[in-house]
Amino acid sequence: MPLTLPRLATIVLVSAACLAGVGCRNAAAPGAHDAASVETRAAAADAHAWKPEPGFTSLITGTDLSGWHYKGDPDLGAQTEATDGRYSAKDGMLVVNPEVPGKGPHLRQLWTIREFPSDFTLKLEFRASVNADSGIFIRGMQLQCRDYLVAGPFKDLKAYKPQDWNEIVIVVTGQRAHCTCNGEVLHAELAVPANGPIGLEADRGQMEYRRIRIAPR
247 MPLTLPRLAT IVLVSAACLA GVGCRNAAAP GAHDAASVET RAAAADAHAW
297 KPEPGFTSLI TGTDLSGWHY KGDPDLGAQT EATDGRYSAK DGMLVVNPEV
347 PGKGPHLRQL WTIREFPSDF TLKLEFRASV NADSGIFIRG MQLQCRDYLV
397 AGPFKDLKAY KPQDWNEIVI VVTGQRAHCT CNGEVLHAEL AVPANGPIGL
447 EADRGQMEYR RIRIAPR
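Numbering (this note's numbering), first residue to last: 247 to 463.
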C-alpha cells in the first residue's frame with residue numbers, strides 16, 4: 247500500500263501517542279530511590295512527633311550521640327557517627343552498623359555516660375537485619391538482642407516480627423532484671439550488677455534502636 251500523506255500523518259500521531267504513554271508510565275513508576283526517600287521522610291516525621299510517656303526520659307536524641315561514649319573515651323557529644331562507623335544517629339534512631347574492616351575491633355560496646363544504681367524500667371524498640379546480633383547491657387550484664395528467630399536461644403518466640411519493630415521492656419528490681427520482647431519473657435530474673443551504665447553491643451549485621459527511654463521505679 248502506498249504511503250499517502252493522510253496515512254503518514256496517522257502513523258506519526260499514533261507513534262507520538264505511544265511515546266507519550268511510555269513517558270507517562272515511566273514518570274509515574276516510583277523507583278527504589280523514591281521509596282527510600284518516602285520511608286526516610288516518614289521516619290523523620292515519626293521521630294519528631296514521638297515523645298516518651300510521663301515519667302520516662304529518653305536516653306538518645308536521635309540526631310547525635312550525646313550522652314554516649316566508648317569506655318575510656320569522652321562523650322561523643324554532637325557527633326552523628328562514632329569514629330569507627332559502628333554507631334550512628336539518624337531519624338530518631340541509634341543505629342548499630344556492620345563492621346567496617348580495618349576501622350576497629352569486631353566487637354564494640356557503646357555506653358551511656360550515666361550510671362543507674364536505683365531500680366528502673368527501661369523500654370526500647372529495635373529492628374534487626376537478617377541474622378543480626380547485638381545486645382543490651384543492663385549495668386554491664388548483657389541481654390542478647392538479635393534477629394531472634396534465626397539467631398540465639400529464643401527461636402520459639404511467637405510475637406517477634408522479623409525485620410520489623412519489636413519492643414524490649416526491662417524492669418530492674420535490686421539486682422534482678424525481668425526482660426520481655428513484645429510481652430514474651432526472655433528472662434524472668436536475670437542477675438545484674440548493683441550499679442552501672444546502659445550499653446549497646448555491635449557484633450553482626452545492622453540493628454536499629456529507637457525510643458530508648460528509662461524511668462525510676
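We put the CB at the ideal spot given by N, CA and C, even for glycine.
Supposed contact pair residue j and residue i - C-beta distance, whole angstroms, cut 8 Å
i, j, result
"D379", "G350", "Their Cβ separation, rounded to whole angstroms, is 17 Å, which puts D379 and G350 out of contact at 8 Å."
Nonlocal neighbours in the same chain, by C-beta distance under 6 Å from residue i, ignoring five residues either side
i, result
"F302", "R459, A461"
"I444", "T358"
Given residue i as reference, the closest of the options once Cα atoms are compared
i, options, result
"W357", "A405, P344, E447, A295", "E447"
"G429", "L436, A328, N412", "N412"
"R385", "P439, Q452, V418", "P439"
"H433", "G442, V418, N441", "V418"
"M387", "D319, I416, S304, P300", "I416"
"V376", "R392, K404, F383", "R392"
Spatial distance of residue i from residue j (CA atoms)
i, j, result
"L370", "P363", "19 Å"
"A328", "E345", "12 Å"
"R373", "Q390", "14 Å"
"Q355", "Y316", "7 Å"
"P300", "L368", "13 Å"
"P347", "L395", "27 Å"
Other residues of its chain near residue i: CB distance less than 8 Å, five sequence neighbours each side excluded
i, result
"C264", "Residue confidence is low: C264 scores 40 on pLDDT, short of 50, so the model does not pin down where it sits. Its coordinate-derived value is still stated next. Answer for C264: no residue qualifies."
"T326", "T309, D310, L311, S334, A335, K336"
"P399", "Q390"
Where residue i sits in the DSSP three-state scheme
i, result
"M295", "One point to set straight first is that residue 295 is Ala, not Met, in the sequence displayed. Helix at A295."
"D379", "strand"
"W314", "strand"
"R456", "strand"
"P462", "strand"
"Y394", "coil"
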